[in-house]
Structures are given as structure tokens and as C-alpha cells.
Amino acid sequence: MPDEASKSTNSNESGKSWEEQDPDIVREVTIDEYKPYGTLTLTLIYFAIVALMWVFMYFVEFAGNAPSIIE
Amino acid sequence: MTFIHKYPKAAKVAKANFIVAFIALAIGGFFGFVQALHRTNVFRGFFNSGEYYTLLTGHGVLLALIFTTFFIAGLFVWGVTRSLDREPENLAYTWSWFWLMTIGTIMATVAILGGLVPDSSIRAAVLYTFYPPLQAHPLFYIGLALVVVGSWMAGADWFWSYRKWRGENPNERIPILSFMTLFTMLMWYVCTIGLALEVVGLLIPWSLGLVTEIEPLLPRTLFWFFGHAVVYFWLLPAYYVWYAILPKLSGGRLFSDSMTRIVFIIFLLLSTPVGYHHQYADPGISVGFKFYAMASTLLLLLPSLITLFTVVASMEHGARQRGGKGYLKWIGKLPWDRPAFVGCALAGIMFAAGGFSGMINASMNINLLIHNTIWVPGHFHLTVGTAVALTFMAITYWLLPQLTGRKLKHKTLALIQPYAWFLGMTLMSNAMHRAGLAGVPRRTAEPEYMGFEFEPIFGTMTEMKWQIAIGGTILTISLILFLWVVVASWLAGEKSDKPVDDHIPEPLSGVEHTPAILDNMKLWFTLALVLVILAYAFPLWEMVADGIFSPGALPRPS
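Protein chains in written order, with the working numbering: chain A, 1 to 71; chain B, 1001 to 1558.
Quick look at the structure:
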């Protein structure tokens, strides 16, 4: 079924796709040719940061402070 | 032709909601500025330290409850109207919920601001969580109750439109903008049951003097029944923007319709039965239930990580359509000179950082390390204070022209604004997190760390203090820029038939690939209720059996 986008006021005015009407778009990338390698790279970087922060947490919680003893 | 020309009545309702939202943002933001300077002892001349807690309550309530709720209402009016292609069903009803919420807001605000009037009996310095034994004037609780009832009526309004639309389109799938609205509201209905029981059943009778004692654990537990899901009531509309609009602003298309629907369903299921993770330090709730909440909370990372993938993949699609190449070089091809895109993208980056501190909060053992410290406000200034607030501000630059029929003015200032917010929040929030690790408490007018030796784990107290004060000041400047651009564009922007490109393209993987069961609202709503009953029925029964109005256990409010 058509998305609500089809009810948008400026869609398909000239029978062209949205990409063809936008001057900033160099070429249309279909789902079959799209390989999100960049997303994979960013996700791996994020996971690496999270892992490093967990290592940092270890030092904060266990190694950074002397044991707390309530007398 | 844009939204206002096609749906003038809905545009008026959305604009009215935005006006209240932005007034709340201005007042609450100013209070935040005062707090940043007061707490750090950079300047304490605005108000005294007793009044600090009134300002703190105003900051929390006006920003976290009022700004968000009204902005979300305006956003959803826009989305439902547009995606179902119909004006609100009955305008008298629509305006009645708007005015009910507005009257409630005025009542609660008057109660809070009363605390700044000497010898006033009307006050509400109970902070955003309003735990007993802190007690507010009844006006505060009744006002907040009216806001919630108004929001229920607003949700019913959108379901009403949906039912009418469904009658005329029996075989069509729910359009994605309406789907996200309806599932957010279903979650809101589940979680506000707790708040309604707390405010109407306990706090209003108590503040009116009808009862003198109430079980202390019960209102806290009912608050957090609501209090974590409300976080997602703020966040899901930001997701709504990131899924539906941000891909187009990036120059691409939403990666997957079905991923979007799955994420909203998981949030409906898991948002409410996780409230105990705010009560890890509370006695009287068994560790088993806290563990259940922790497991559910960590499961909630799943939809957030799906969102990370889907939204970034949609942005990358845009960048590649704009000529981007490589593993990371494509990022440079994104429209970093357009305020609506920049705000949403920077908000997303901040949310990724907030995701990490959220994992710490959610984990039962490490939570105790930062419990009730300034780490916690450091965390939620990344999530609600940036991921949500900056997204709302940024998308205003795109929505306002559609609602007013006027072009955006001062585009350079509008572009500086999200970058300034990002800078200010980076300074303020990192310092708050580190100060929290060092044990600095939250909600304190005068934390004193001078005159004796105190070495935090990372950095120095003086450096953190200045980062908070300078960061808070930059955030205030950013807020002023936002309000200036909005007011100038609203009143004096150039009139146009097409003030902005409002077209939203279809997703790359569209609804034709989405299983029909994802649209089964009855099924998911019932499952959500079952999960809540599993989490809450037994502990709540224990608390009620303890005596609602005659607490048998200490500590008792007095």
C-alpha cells in the first residue's frame, strides 16, 4: 500500500521519483545495491568504546578505591 | 501547498500545543541556568538556597513533564492528521483536551512558583518525583492529574481518527506515523495507571488533609511504575522523528518499515515492568523483583540497538545518495549545514553516550556506586535533555514552516543553536558524570568540597565545577537562540505556499515486507498488561496489605 508519503503535497508531481527531483541527490541507491558498511563500521566503533568504558568502570569500582569498611 | 493550507484546523491545534511547550521550555530552561550557577557557587544572587528546591521542582516539572507532553501532542496531531489524511473528528473535543492540559499546567506552575513568594502557603518544592513525606499544595497534584487526564483524551482523539480511517480503509496497513503514535499512546495508558492511583488515591487525599498517614513505599513504587515508562513517552516521539523524518533530511529513505514497528512494540511491552530499577536502594522490595526489572531493562537495550542500526543505516543511505563513499568518509556528505538535520544527528550521538551511562544505572550492583549522585542528572541530560529536547528543537525548524506557512528566519543562528547545545551539554554532562563517580550528591543547593582535601577519581572538583557552570551557560545561550529563531519565524517569516520541502519518501524496505501481526494492537496491549501484572501484582499487594493509610512499617511520613 502507499505510505502516507504518497499523500504528501509534492510527491510525484512530474512522475519522477523523489530522488530525481532533489538536486542534492547524485544517484538513487536501491535496496538491492545498498550495503551499509559505514553503519557496520560505526557500530563496531561504538561497541569498542562501550567495552573500553566497561574496563574503565572496573578500575573505578574495584581498583580505584580502597575497600570501604564501616566500623 | 503545505500542512497549514491542507489541514488548517489541525495546524491551529498543533501550534497551540507548541506555544505552551515553548513557554514551559523558556521558564524551565531559565531555572536550569540559575541552578547551574547556584550549585557551583559561581553566582548565588538570584535566589536563596531554600528557594533552590522550588527552582529545581520547576525545572523538572516544566521541562520533563510539560514541555515534553505539549510538544508531543502537537507533533502527534501533525502526524496523525497527515498520515490518515483527515482533520480531527470533533474540534470541540480536541480543544477540550488542550484546555484541560493547559489549565492543569497553570495550576501546577502556580503551586510551584508560590514557593518564591515570601510567606506563601501555596508551595510545591517536592521535586519532579514528589515522594512523600515531601508534601505539595493540593493545587500541584490536581493540576498534574488534569494534565494526565487531558493527555488520555488526546490519545483517545487519535484513536478516534484511526477508527474512522479504518472504517473507510478496512484492508490497508496502519500508516507508519500513526502506528508510532498509537503504540506510544498505548504504552502511556499502561504506565499512567500507576500515576493515577498514586496521585488520586494517595497524594490528593493526603494533601487535602483527609488522611494523615500513607504507606511510604507505595507512592514511590507507583511513581516508578509510571516513572520509567515516562522516559520512553519522551523518547519514542524522538524516535518517531529519527525514523520518519531524519532519513529524508539526510537525503535518503527509512531503511526498514518492519524494524520500526518491532521497536515500538518492544517498548510497549517492556517500558513499564522495569520501574524497580529506580528503587534498587529501596528496602521492602525483594531482590528477585529487582532482578526481574534489571533483566527487562537490559532487554530494552535491544530496541535501542535496533534503532542505532536502522537510523544510522538510513542516514548512510542518504549520504550515499548524496555521493558519499568509503567506510567513514560518507559522513562528510551529510547535510551538516542544515539545522534540522544537525540537531537530530547530534541528539543521536549524545543518546549513544547516554546509552552507556544508562547501562550502569540499570545494572543492580554498579547502580549503587552512582545511586542518588549527580551522575544520574548527568545521564538524563544526555537522554531527555539532549536526545529528546534537541530533537524536538531541531525538528521545530522543519515543522514550524509547515504549521505557519512561513519560511524559517535567521538560518545561521538556527544552525549555530544545535552545535552550541552539543558543546554545552558535552561540558556539563561529562563533569556531572565524573562528579557522580566521586560521590557528589544530586539535588543539593550547596555541595561543599572546599577547605579540606578531597580527590575525585578523575579530574579536579574545581575543573568539574567550571565545566558545569560554563556548560549550563552555553546551553542557556543555545536556548535563547532557539526561542529567538522560533518567535521571529512565527511572527515575521516570509509567507510561502511551500515554505519547506515536506515530502517524506517511502521506506527502502516498505510495509509490503512487514508481517501483519505487528499491527495487532489488541495482542500487544494484552501482552504488555500481562508483563506488568507479573512484575507488580505481588509486591503491590504486599504493600497494600501493610495498610495503605496506616503504615505499619518505618519510615513513616509525618
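Even glycine gets a Cβ: it sits at the ideal position worked out from N, Cα and C. Predicted model only: the values in this text are computed from it and were never measured.
Reducing DSSP to helix, strand and coil, say where B/K1465 ends up.
-> By 1-based counting over the second sequence, the position of residue 1465 of chain B is 465. The answer is helix: DSSP assigns B/K1465 an H, G or I state.
Going by other Cβ atoms of all chains shown within 10 Å of its Cβ, with 16 needed for buried, is B/D1157 buried or exposed?
-> As a first step, residue 1157 of chain B must be located in the second sequence, where it is residue number 157. By the 10 Å Cβ count, B/D1157 comes out buried.
Going by Cα to Cα distance, which pick from B/F1098, B/V1440, B/V1117 and B/S1178 is closest to B/V1147?
-> Residue 1147 of chain B sits at position 147 when you count from the first residue of the second sequence. Of the listed residues, the one whose Cα sits closest to B/V1147 is B/F1098.
Under three-state DSSP, which class holds B/P1335?
-> As a first step, residue 1335 of chain B is located in the second sequence; it is residue number 335 there, counting from the start. In this structure, B/P1335 counts as coil in the three-state DSSP scheme.
Evaluate B/M1578 with the Cβ neighbour count: other Cβ atoms within 10 Å of its Cβ, from every protein chain shown; 16 or more gives buried, anything less gives exposed.
-> Lying before the first or after the last residue shown, residue 1578 of chain B is absent from chain B, which here runs from 1001 to 1558.
Classification of B/F1018 by the beta-carbon crowding that lies within 10 angstroms, buried from 16 upward = Taking the first residue of the second sequence as 1, we reach residue 1018 of chain B at position 18. Looking at its Cβ environment, which holds 16 or more other Cβ atoms inside 10 Å, B/F1018 is buried.
Given that A/P36 touches chain B, what residues does it touch there, using C-beta distances under 7 Å?
-> Along the first sequence, read from residue 1 onward, the residue named residue 36 of chain A stands at position 36. Neighbours of A/P36 on chain B, chain order: A1313 and E1316.
CB contact flag (B/V984, B/L1246, <9 Å) = Residue 984 of chain B lies beyond the range of chain B shown here (1001 to 1558); nothing can be said about it.
Please state whether DSSP places B/K1522 in a helix, a strand or coil.
-> Numbered from 1 along the second sequence, position 522 holds the residue referred to as residue 1522 of chain B. It is helical.
Following the continuous alpha helix (DSSP H) through B/G1424, name the residue where it begins and the one where it ends.
-> Within the second sequence, residue 1424 of chain B is the residue found at index 424, counting from 1. Counting along the chain, the alpha helix (DSSP H) containing B/G1424 begins and ends at K1411 to L1437.
Which residues in chain A sit within 7 Å of B/G1167, going by Cβ to Cβ distance?
-> For the purposes of this step, residue 1167 of chain B is identified with residue 167 of the second sequence, where counting begins at 1. By Cβ distance, chain A contributes nothing, its closest Cβ being about 16 Å from B/G1167, past 7 Å.
Alpha-carbon spacing of B/A1125 relative to B/S1207, whole angstroms | In the second sequence, counting from the first residue as 1, residue 1125 of chain B sits at position 125. In the second sequence, counting from the first residue as 1, residue 1207 of chain B sits at position 207. Taking the straight line joining both Cα atoms gives about 13 Å.
Strand pairing of B/T1373, partner residues [DSSP] | As a working mapping, residue 1373 of chain B is identified with position 373 in the second sequence. DSSP, once it has assigned bridges, lists B/P1441 as partnering B/T1373.
CB-CB under 6 Å to B/V1211, same chain, minus the five flanking residues each way: which ones, in chain order?
-> Counting from 1 along the second sequence, the entry for residue 1211 of chain B is found at position 211. Counting only Cβ-Cβ distances below 6 Å, and skipping sequence neighbours, we find P1205 and F1549.
Quick one, are the C-beta atoms of B/L1479 and B/A1196 less than 9 Å apart?
-> As a working note, residue 1479 of chain B is residue 479 in the second sequence. As a working note, residue 1196 of chain B is residue 196 in the second sequence. In this structure, B/A1196 does not lie closer than 9 Å to B/L1479 by Cβ.
Along chain B, in chain order, which residues have C-beta atoms closer than 8 Å to that of A/E28?
-> Walking along the first sequence from the start, residue 28 of chain A turns up at place 28. Near A/E28 (Cβ distances below 8 Å), the residues of chain B are Q1321.
Distance, B/D1085 Cα to A/K7 Cα | In the first sequence, residue 7 of chain A corresponds to position 7, counting from 1. In the second sequence, residue 1085 of chain B corresponds to position 85, counting from 1. Confidence is the limiting factor: at A/K7 the pLDDT is only 43, short of 50, which leaves the residue's position unreliable, though a coordinate-based value still follows. One C-alpha to the other measures close to 7 Å.
Three-state secondary structure (DSSP) of B/R1322 | Counting from one through the second sequence, the residue named residue 1322 of chain B turns up at place 322. Of the three classes helix, strand and coil, the one that applies to B/R1322 here is coil, per DSSP.
is_contact[A/V55, chain B] using C-beta, thresh 9 Å = As a working mapping, residue 55 of chain A is identified with position 55 in the first sequence. A/V55 does not count as touching chain B.
Along chain D, which residues have their Cβ under 7 Å away from the Cβ of B/F1264?
-> Structure shown: chain D not included; protein chains present are A and B.
Inside the segment 1181-1264 of chain B only - alpha helix (DSSP H) runs reaching at least 4 residues | 1204-1207, 1217-1227, 1229-1244 and 1246-1249
Taking a Cβ distance cut-off of 9 Å, strictly less, list which residues of the segment 1360-1391 of chain B are near chain A, in chain order.
-> I1360, N1365, I1366 and L1369
Is the Cβ of B/P1335 closer than 9 Å to any Cβ of chain A?
-> Walking along the second sequence from the start, residue 1335 of chain B turns up at place 335. Answer yes: the Cβ-Cβ gap between B/P1335 and chain A drops below 9 Å somewhere.
Check each residue of the segment 1223-1244 of chain B: if its Cβ is closer than 8 Å to any Cβ of chain A, include it; give the result in chain order.
-> none
Compute the distance between the beta-carbons of B/F1071 and B/F1392, then report whether it is under 9 Å.
-> Reading the second sequence from its first residue, position 71 is the one you call residue 1071 of chain B. Reading the second sequence from its first residue, position 392 is the one you call residue 1392 of chain B. Yes. Within cutoff.
Quick one: which chain A residues come within Cβ less than 8 Å of B/A1352?
-> By 1-based counting over the second sequence, the position of residue 1352 of chain B is 352. By Cβ distance, chain A contributes Y46.
Who are the Cβ neighbours of B/D1257 in its own chain at under 8 Å, not counting the five residues just before and after it?
-> Taking the second sequence and counting its residues from 1, one reaches residue 1257 of chain B at position 257. These residues qualify, in order along the chain: I1176, P1507, S1509, G1510, V1511, H1513 and T1514.
Residue-level contact to chain A via CB, B/P1505, 9 Å cutoff = Within the second sequence, numbered from 1, the residue matching residue 1505 of chain B stands at position 505. By this cut-off, B/P1505 is an interface position.
When we look at the beta-carbon of B/D1502 and count the other beta-carbons within 10 Å, is it buried (16 or more) or exposed?
-> Along the second sequence, read from residue 1 onward, the residue named residue 1502 of chain B stands at position 502. Per the 10 Å Cβ criterion, buried.
What does a CB cutoff of less than 8 Å around B/P1088 pick up in its chain, not counting 5 residues either side in sequence?
-> Locating residue 1088 of chain B in the second sequence gives position 88, counting from the first residue. Excluding sequence neighbours, B/P1088 sits near K1009, A1010, V1013, V1077, T1081, T1094, D1157 and S1161.
Around the Cβ of B/T1426, are there at least 16 other Cβ atoms within 10 angstroms (buried) or fewer (exposed)?
-> By one-based count along the second sequence, residue 1426 of chain B stands at place 426. Buried.
Coil, strand or helix - B/K1495 by DSSP | Numbered from 1 along the second sequence, position 495 holds the residue referred to as residue 1495 of chain B. In the structure shown, B/K1495 sits in a strand (DSSP, three-state: E or B).
What does A/E19 reach in chain B if we use C-beta pairs closer than 7 Å?
-> As a position in the first sequence, residue 19 of chain A is number 19, starting the count at 1. Those within 7 Å of A/E19 in chain B are Q1321.
Going by DSSP, which residues form a beta bridge with B/S1509?
-> One-based indexing of the second sequence puts residue 1509 of chain B at position 509. The partner list for B/S1509 (beta bridge, DSSP) reads B/S1256.
Rounded Cβ spacing between B/A1281 and B/H1371 (contact assumed at less than 8 Å) = Taking the second sequence and counting its residues from 1, one reaches residue 1281 of chain B at position 281. Taking the second sequence and counting its residues from 1, one reaches residue 1371 of chain B at position 371. About 5 Å; that satisfies the 8 Å criterion.
Whose Cβ in chain B lies nearer than 7 Å to the Cβ of A/L42?
-> Locating residue 42 of chain A in the first sequence gives position 42, counting from the first residue. Result: V1312.
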